[in-house]
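What follows is a short report on a single structure.
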Amino acid sequence: MSTSDPQAAAPRLAMPELLIGVGLLACAGAVAWQTLAIPVSPLYSKVGPTVFPYITMTGMIVLSLLLILAALRGGWQPEEEKETPTDWKAMGIVVIGLVANLVLIQPLGFTAASVIMFVLVCYGFGSKRTLRDAVLGLILALAAYFGFARALGVNIGAGFIENQLNTVIDAFITVLRG
Amino acid sequence: METLGHLAHGFSVAFTPVNLLWCLLGTTLGTAIGVLPGLGPALTIALLLPITYQVAPEASFILFAGIYYGAMYGGSTTSILLNTPGESATIVTALEGNRMARSGRGGAALATSAIGSFVAGTIGTMGVAFLAPVVVKFALAFGPAEYFSLMVLAFITVSAVLGSSSVRGLTSLFAGFVIGMIGVDLQTGQPRFTFGTNELLDGVDVIIAAVGLFAVGETLYMASRRYAGKDEIVPLKGSLYMTAAEWGRSWKPWLRGAAIGFPIGAMPAGGAEIPTFLSYAIEKKLSKHKEEFGTVGAIEGVAGPEAANNASAAGVLVPMLTLGLPTSATAAIMLSAFQSYGINPGPLLLTTQGDLVWGLIASLFIANVILVILNLPLIGLWVRLLKIPAPQLYAGILVFATVGTYGISQSPIDLVILYLLGAAGFLMRRFDFPTAPVIIGMILGPLAETQFRRAMTISNGDWSVFYTHKLSLTLLTLAFIGLAGPHIWAFIEHRRRRGPEHVPGDA
Numbered sequence: 001m002s003t004s005d006p007q008a009a010a011p012r013l014a015m016p017e018l019l020i021g022v023g024l025l026a027c028a029g030a031v032a033w034q035t036l037a038i039p040v041s042p043l044y045s046k047v048g049p050t051v052f053p054y055i056t057m058t059g060m061i062v063l064s065l066l067l068i069l070a071a072l073r074g075g076w077q078p079e080e081e082k083e084t085p086t087d088w089k090a091m092g093i094v095v096i097g098l099v100a101n102l103v104l105i106q107p108l109g110f111t112a113a114s115v116i117m118f119v120l121v122c123y124g125f126g127s128k129r130t131l132r133d134a135v136l137g138l139i140l141a142l143a144a145y146f147g148f149a150r151a152l153g154v155n156i157g158a159g160f161i162e163n164q165l166n167t168v169i170d171a172f173i174t175v176l177r178g
Numbered sequence: 001m002e003t004l005g006h007l008a009h010g011f012s013v014a015f016t017p018v019n020l021l022w023c024l025l026g027t028t029l030g031t032a033i034g035v036l037p038g039l040g041p042a043l044t045i046a047l048l049l050p051i052t053y054q055v056a057p058e059a060s061f062i063l064f065a066g067i068y069y070g071a072m073y074g075g076s077t078t079s080i081l082l083n084t085p086g087e088s089a090t091i092v093t094a095l096e097g098n099r100m101a102r103s104g105r106g107g108a109a110l111a112t113s114a115i116g117s118f119v120a121g122t123i124g125t126m127g128v129a130f131l132a133p134v135v136v137k138f139a140l141a142f143g144p145a146e147y148f149s150l151m152v153l154a155f156i157t158v159s160a161v162l163g164s165s166s167v168r169g170l171t172s173l174f175a176g177f178v179i180g181m182i183g184v185d186l187q188t189g190q191p192r193f194t195f196g197t198n199e200l201l202d203g204v205d206v207i208i209a210a211v212g213l214f215a216v217g218e219t220l221y222m223a224s225r226r227y228a229g230k231d232e233i234v235p236l237k238g239s240l241y242m243t244a245a246e247w248g249r250s251w252k253p254w255l256r257g258a259a260i261g262f263p264i265g266a267m268p269a270g271g272a273e274i275p276t277f278l279s280y281a282i283e284k285k286l287s288k289h290k291e292e293f294g295t296v297g298a299i300e301g302v303a304g305p306e307a308a309n310n311a312s313a314a315g316v317l318v319p320m321l322t323l324g325l326p327t328s329a330t331a332a333i334m335l336s337a338f339q340s341y342g343i344n345p346g347p348l349l350l351t352t353q354g355d356l357v358w359g360l361i362a363s364l365f366i367a368n369v370i371l372v373i374l375n376l377p378l379i380g381l382w383v384r385l386l387k388i389p390a391p392q393l394y395a396g397i398l399v400f401a402t403v404g405t406y407g408i409s410q411s412p413i414d415l416v417i418l419y420l421l422g423a424a425g426f427l428m429r430r431f432d433f434p435t436a437p438v439i440i441g442m443i444l445g446p447l448a449e450t451q452f453r454r455a456m457t458i459s460n461g462d463w464s465v466f467y468t469h470k471l472s473l474t475l476l477t478l479a480f481i482g483l484a485g486p487h488i489w490a491f492i493e494h495r496r497r498r499g500p501e502h503v504p505g506d507a
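Chains as they are written, first to last, in our numbering: chain A, 1 to 178; chain B, 1 to 507.
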């Protein structure tokens, strides 16, 4: 089948899908660049650390070309997804929440950053009761922090709130042990 | 019967009070995350992977297995009452189950799905106990070339045969390969795909990949379509006790579902979609109440697919435990839990880690009993969980996502990778790329590479090992048929049907 089949209803180029295909081709390029950067010892010349990266790169190039071809033929996005308009505002606020978490987690510690993210994400999803969300977020973040940090022994960035509470809890345990 | 002896020993491991508690915790948590939309067993087990540094392998695998089985039970509740299948495995349950709930028979739908899950889960677990030693005997003959070919077969079936498009499935798989190769190459010590940064030397943790794709991606996706049709919870009506007629209409579909689900799950293809759809089609054909299908909801259409779903979930454990071959995202993450303990699943696992494997299998029987209790008399609790509003649910998921990822190394770089993968997961949802092959590719890809290099080293660089060994050739041929077969078939069909019509035009 040729792409310029005059009998078929003129296939519309699907821009988003084309971008995905081209983006994947660029990824394959990055894989090629990084594969060339792997130093190969002559000892391993037969099946060195680069054989699989090359296979992967070849596969990615073939697949991205097939995706680009599919995009030129009208794309593949399901109708249901196409018809649903993207709520950019909601998504934008959620993304702001994620970025805030990323930026604040080191200076403020996990709990404070999480509360801010929680409130923003709730707001993005349409919740209007910000104060209640903040309280909920605080409870959840503390539960998550102490669940993971103290029970699972995972070290999560502690900020002011965590340090205060840790001091209190440690003092409490010392008192209990008498 | 050797197996029965092993199983008895397994029960002695699983029946310790501590392990029973782990099982109870796992099944409860599993049901909860199964009920909650947006959370799945793969994500939950990934978030709990740090537990492997704290407790014995038996305990964490009993916990994980409980979550795995529990999510299957919980998922059907959501499908029936909310018509939003939490997982692809429960899409079919929603077809008839939600119609039953709407016509006031939600109780019977929940009962037949829970009891059917119990029956099929128990049969499936029995299947694991008896089939695993057989597969092990067969697998002991496998060399590196055979393992590599088997993995190729699994890659093809998981990404190309299942799902809506082989190109998109394979694209996901290859993306997984790239993520899996990031970091130091274990055989030569060379850094790969690190872009010269030190942060990437350790590779991308499977926790970050799973949480990014499943939690962050899902949250962004839900936020992007906030106004797209709200789901309503159908209030639970109808007695949870099935009538004699309902029992009569359920038991055969349960057994048929289990018979379809287990073998398909146990093949190196996995996936619950095919067995559930197959079971649905068969029940629709055999039912004496065809008029109920698609209208008021037929109980057979819930009983069969639910049983098939649970039996195939059990079946997936066979290649995972005996060959180290995960065929679902959840199984892949469980495999990485094995790796975290320094245990290599494979044919030797049953002998070297007998306590672990048989304790795990025994705990699956116990989990099934706990789950049927949790999901029938206590169903009201789970229905209440469905009422958690979306904003707080997704915000909460992100808080736990942060804990799980930031806790690994307290590096903001991990959060950046998490968000990038979340953005990728969002695009994948919008453009119909499957996400499970990414996780499978990233866990199984490096293992396939190891086997490949081992085979090539043994053969002194001779590629022919992959097609001169009979078993390896057979597996590769099967993989090729799986990849090319459907296309060739479609082409022939196309020719056969369209052919004659074209002749006049061509002449």
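For every residue, glycine included, the Cβ atom is placed at its ideal position computed from N, Cα and C. Values in this document were obtained by computation on a predicted structure and should not be read as measured data.
Taking a Cβ-Cβ cut-off of 7 Å, the neighbours of Ala223/B in chain A comprise Asp87, Ala90, Met91, Val94, Gly124 and Phe125, given in sequence order. In the DSSP assignment, no residue is bridged to Arg496/B.
For the 7 Å CB-CB criterion, Ala90/A and Ala223/B form a contact. Counting along the chain, the unbroken alpha helix (DSSP H) around Ile458/B starts and ends at Ala436 to Ile458. With contacts defined as CB atoms closer than 7 Å, Gly66/B and Gly10/B fail to qualify as a contacting pair. Using a C-beta cut-off of 8 Å, the region 273-289 of chain B makes contact with the region 246-261 of chain B, since at least three inter-stretch Cβ pairs fall below that distance.
In this structure, the alpha-carbon of Ala132/B lies about 16 Å from that of Gly121/B.
Contact annotation: Phe466/B and Ala129/B have beta-carbon atoms that are not nearer than 7 Å. Residues of chain A whose Cβ lies closer than 7 Å to the Cβ of Gln353/B do not exist; the shortest such Cβ separation is about 23 Å.
Taking a beta-carbon distance threshold of 7 Å, Met456/B counts as an interface residue toward chain A.
Boundaries of the alpha helix (DSSP H) harbouring Trp251/B: Ala244 to Ala266, taken from the DSSP string.
Counting along the chain, the unbroken alpha helix (DSSP H) around Phe277/B starts and ends at Glu273 to Leu286. Taking a C-beta cut-off of 8 Å against chain A, the contacting residues of the region 377-400 of chain B are Pro389, Ala390, Pro391, Gln392, Tyr394, Ala395, Gly396, Leu398, Val399 and Phe400, listed in chain order. For the region 53-73 of chain A, residues whose beta-carbon sits nearer than 8 Å to a beta-carbon of chain B comprise Pro53, Thr56, Gly59, Met60, Leu63, Ser64, Leu66, Leu67 and Ala70. Under the DSSP assignment, Val119/B falls in the alpha helix (DSSP H) whose first and last residues are Gly106 to Ala139. Taking 7 Å as the threshold, the shortest C-beta distance from Ile38/A to chain B falls below it. By the Cβ-count criterion, Ile116/A is buried, with 16 or more other Cβ atoms from all chains shown falling within 10 Å of its own Cβ.
Shown here, Val234/B sits in coil according to DSSP, grouped into three states, outside any helix or strand. Using a Cβ-Cβ cut-off of 9 Å, Tyr69/B is close to nothing in chain A; its nearest Cβ partner there is about 22 Å away. Nearest CB-CB separation between Pro49/A and chain B: below the 7 Å threshold. At a cut-off of 3 residues, not a single continuous stretch assigned as beta strand (DSSP E) sits fully inside the region 283-314 of chain B.
By a beta-carbon distance limit of 8 Å, Leu43/B does not contact Ala272/B. Their separation comes to about 17 Å. Within chain A, the residues Leu102, Ile105 and Gln106 have their CB atoms less than 8 Å from the CB of Pro412/B, given in chain order. Secondary structure note for Gly380/B: its alpha helix (DSSP H) is the uninterrupted segment Ile379 to Leu385.
Rounded to whole angstroms, Gln410/B and Leu444/B show a C-alpha spacing of 27 Å.
Contact between Gly380/B and Ala109/B does not hold, since the beta-carbon distance rounds to 15 Å and is not under 8 Å.
Chain-order list of chain B residues neighbouring Met15/A: empty, with the shortest C-beta distance near 12 Å, by a criterion of under 8 Å. Taking a Cβ-Cβ cut-off of 9 Å, the neighbours of Asp133/A in chain B comprise Pro391, Gln392 and Ala395, given in sequence order.
In the three-state scheme derived from DSSP, where H, G and I count as helix and E and B as strand, Val184/B is classed as strand. By DSSP's assignment, Arg192/B forms a beta bridge with Gly183/B. The alpha carbon of Leu150/B has as its nearest neighbour, out of Leu374/B, Leu371/B, Val372/B and Met320/B, the alpha carbon of Met320/B.
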